[in-house]
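Read the structure below first, then the notes.
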Amino acid sequence: MPPIPPTPLIVETLRDLVLPAAGGAALILGLFLTLGRWAGCLGSAAAVVAGFVWANFTLDTGGEAAGAIEWERTSRIIPWLPDKPTWHSLPRAALVLVLVGLASRGLGLIAHRALSDRWWWVERLLVWVPRWVALLVVGSWVMPVPWAEAYPWSKAALAATMLLSWVVLDGTARGGAGSQVALALAAMFFAAGGVTIFAHSKLFMDAAVVLGAAFFGIAVIARVGRVDASGAIPAGVAFLPALLVNARYQSESLVPLSAFWLVGLAPLALLPGLIPRVGRLHPLILGAGRMILVLIPLFIAVELAMANEQLPPPEEW
768 MPPIPPTPLI VETLRDLVLP AAGGAALILG LFLTLGRWAG CLGSAAAVVA GFVWANFTLD
828 TGGEAAGAIE WERTSRIIPW LPDKPTWHSL PRAALVLVLV GLASRGLGLI AHRALSDRWW
888 WVERLLVWVP RWVALLVVGS WVMPVPWAEA YPWSKAALAA TMLLSWVVLD GTARGGAGSQ
948 VALALAAMFF AAGGVTIFAH SKLFMDAAVV LGAAFFGIAV IARVGRVDAS GAIPAGVAFL
1008 PALLVNARYQ SESLVPLSAF WLVGLAPLAL LPGLIPRVGR LHPLILGAGR MILVLIPLFI
1068 AVELAMANEQ LPPPEEW
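The sequence shown begins at 768 in our numbering and counts up one residue at a time.
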């Protein structure tokens, strides 16, 4: 059994990362739901952004002058440096995808109401073409530069991974399993945190924990309110594979590549639920099956990380 992290670190992580992210996301989504269930999608998008901002940024920057705010020191984990490539651009990439997701969904709704059923493909194009273009752009932001130069196809491969994940997660959430998709994303990010800390990267572990906590808060409120939480999915699509790619690039550990792949591709485990015949199963059976399919690769990934590497010593946490 691996050593338990120091108790002060656990308390600090709960206080500064987990509770602000989960509580902030749950609070914002709950406020949106006071407007009605129709606000679930928009509320979940705002919730995941608010949860990350609440946990990642602080006004206590240690400025010498009373009340001084030094913008470059406001982050706990990932600074807001949108002009820098790779992992510094993760917040910007997530925000862009959230906004594109909402805008493209609005275009799809307009087309659905304005056009007859035989023009259904126009609706699909209006929804997914802007998303694919946005993914190609943000994929170029977050891919490590040396890898992008050595493997020119890597940006498109990352964008394709994000697109497939978005299709599967969005289709599952809009099929009535919004809270379950949020819960599955929470599990994926917590597993990513487990893999990355064994890869000796506390920064990426902290980022994964924040996103996992935010999605957990969304899952709880979405379940209580029985609303569509698909608006938060683009943030998960942006962060999950890109975070793992950058953690792998910067890793000098013995954690195998397969552990990173298993977590990064975990959203695809929900694909069988989109098969019409499977989707007609009893909701309890379908829901349990979805979670089992998601948890299997996550469990294997963490086990691989634990079997091949040790946790960093306490002074490196």
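Cβ atoms here follow ideal geometry from the backbone N, Cα and C, with glycine treated the same way.
So the candidates are the options; which of them puts its Cα closest to the Cα of residue i?
{"i": "E1019", "options": "S946, A966 and L892", "result": "A966"}
{"i": "A793", "options": "I988, L952 and I1042", "result": "I988"}
{"i": "V904", "options": "S856, L869 and R880", "result": "S856"}
{"i": "R843", "options": "L864, F824 and P858", "result": "F824"}
{"i": "G979", "options": "H879, A1068, L952 and V962", "result": "L952"}
{"i": "G961", "options": "M1073, L866, V867 and R804", "result": "M1073"}
{"i": "A959", "options": "A924, G938 and W1028", "result": "W1028"}
{"i": "L786", "options": "V820, A806 and W805", "result": "V820"}
{"i": "T939", "options": "P1079, L1053, A789 and E779", "result": "L1053"}
{"i": "L1024", "options": "L950, A1002, A822 and A1068", "result": "A1068"}
{"i": "R941", "options": "L1041, D783, A881 and E1070", "result": "L1041"}
{"i": "A1055", "options": "L950, G791 and W914", "result": "L950"}
{"i": "V894", "options": "V1004, V867 and L882", "result": "V867"}
{"i": "V1022", "options": "G1003, E1070 and A881", "result": "E1070"}
{"i": "R1057", "options": "P1043, P1034, L1078 and A788", "result": "P1034"}
{"i": "T780", "options": "G1003, M972 and R880", "result": "M972"}
{"i": "V1004", "options": "A860, G790 and T853", "result": "A860"}
{"i": "W854", "options": "L784, A878, Q1017 and P1079", "result": "Q1017"}
Run the CB neighbour count on residue i, radius 10 Å, all protein chains shown included, and call it buried at 16 or more, exposed below.
{"i": "K851", "result": "exposed"}
{"i": "I795", "result": "buried"}
{"i": "L1048", "result": "exposed"}
{"i": "S968", "result": "buried"}
{"i": "G943", "result": "exposed"}
{"i": "D884", "result": "exposed"}
{"i": "E916", "result": "exposed"}
{"i": "E1076", "result": "buried"}
{"i": "R898", "result": "buried"}
{"i": "G803", "result": "exposed"}
{"i": "P1001", "result": "buried"}
{"i": "I845", "result": "buried"}
{"i": "V1026", "result": "Here the sequence assigns Ala to residue 1026, which means Val is not the residue at that position. Label assigned to A1026: buried."}
{"i": "P849", "result": "exposed"}
{"i": "L862", "result": "buried"}
Mind reading off the beta-carbon distance from residue i to residue j? Whole number of angstroms is fine, and I expect it under 8 Å.
{"i": "L936", "j": "V948", "result": "5 Å"}
{"i": "M955", "j": "L1065", "result": "6 Å"}
{"i": "A999", "j": "S871", "result": "Actually they do not touch by this definition, with Cβ atoms about 15 Å apart."}
{"i": "L864", "j": "A901", "result": "6 Å"}
{"i": "P1008", "j": "L925", "result": "6 Å"}
{"i": "A1036", "j": "L1051", "result": "That pair is no contact at about 18 Å."}
{"i": "G1031", "j": "T928", "result": "7 Å"}
{"i": "V976", "j": "F1006", "result": "Wrong, their Cβ atoms sit about 12 Å apart, outside the cutoff."}
{"i": "R990", "j": "S921", "result": "Wrong, their Cβ atoms sit about 37 Å apart, outside the cutoff."}
*Three or more C-beta pairs closer than 8 Å, one from the stretch 992-1003 and one from the stretch 793-809: is that the case here?*
With a cut-off of 8 Å, the stretch 793-809 and the stretch 992-1003 count as touching, because enough Cβ pairs lie within range.
*Cβ contact check for the stretch 1009-1027 and the stretch 896-916: 3 or more pairs under 8 Å*: Result yes; three or more Cβ-Cβ pairs closer than 8 Å.
*Can you check the stretch 1011-1038 for any alpha helix (DSSP H) of at least 4 residues that lies completely inside it and give the ranges in chain order?*
Counting only runs of 4 or more, we get 1024-1031.
_Would the stretch 807-823 count as touching the stretch 978-987 if we require 3 or more Cβ pairs under 8 Å?_
Contact holds: three or more Cβ-Cβ distances are below 8 Å.
*Hey, which unbroken runs of the alpha helix (DSSP H) at 4 residues or more fall wholly within the stretch 879-951?*
You should have 887-909, 912-917 and 921-939.
*Are the stretch 884-891 and the stretch 919-933 touching, with three or more C-beta to C-beta distances below 8 Å?*
Under the three-pair Cβ rule at 8 Å, the stretch 884-891 does not count as touching the stretch 919-933.
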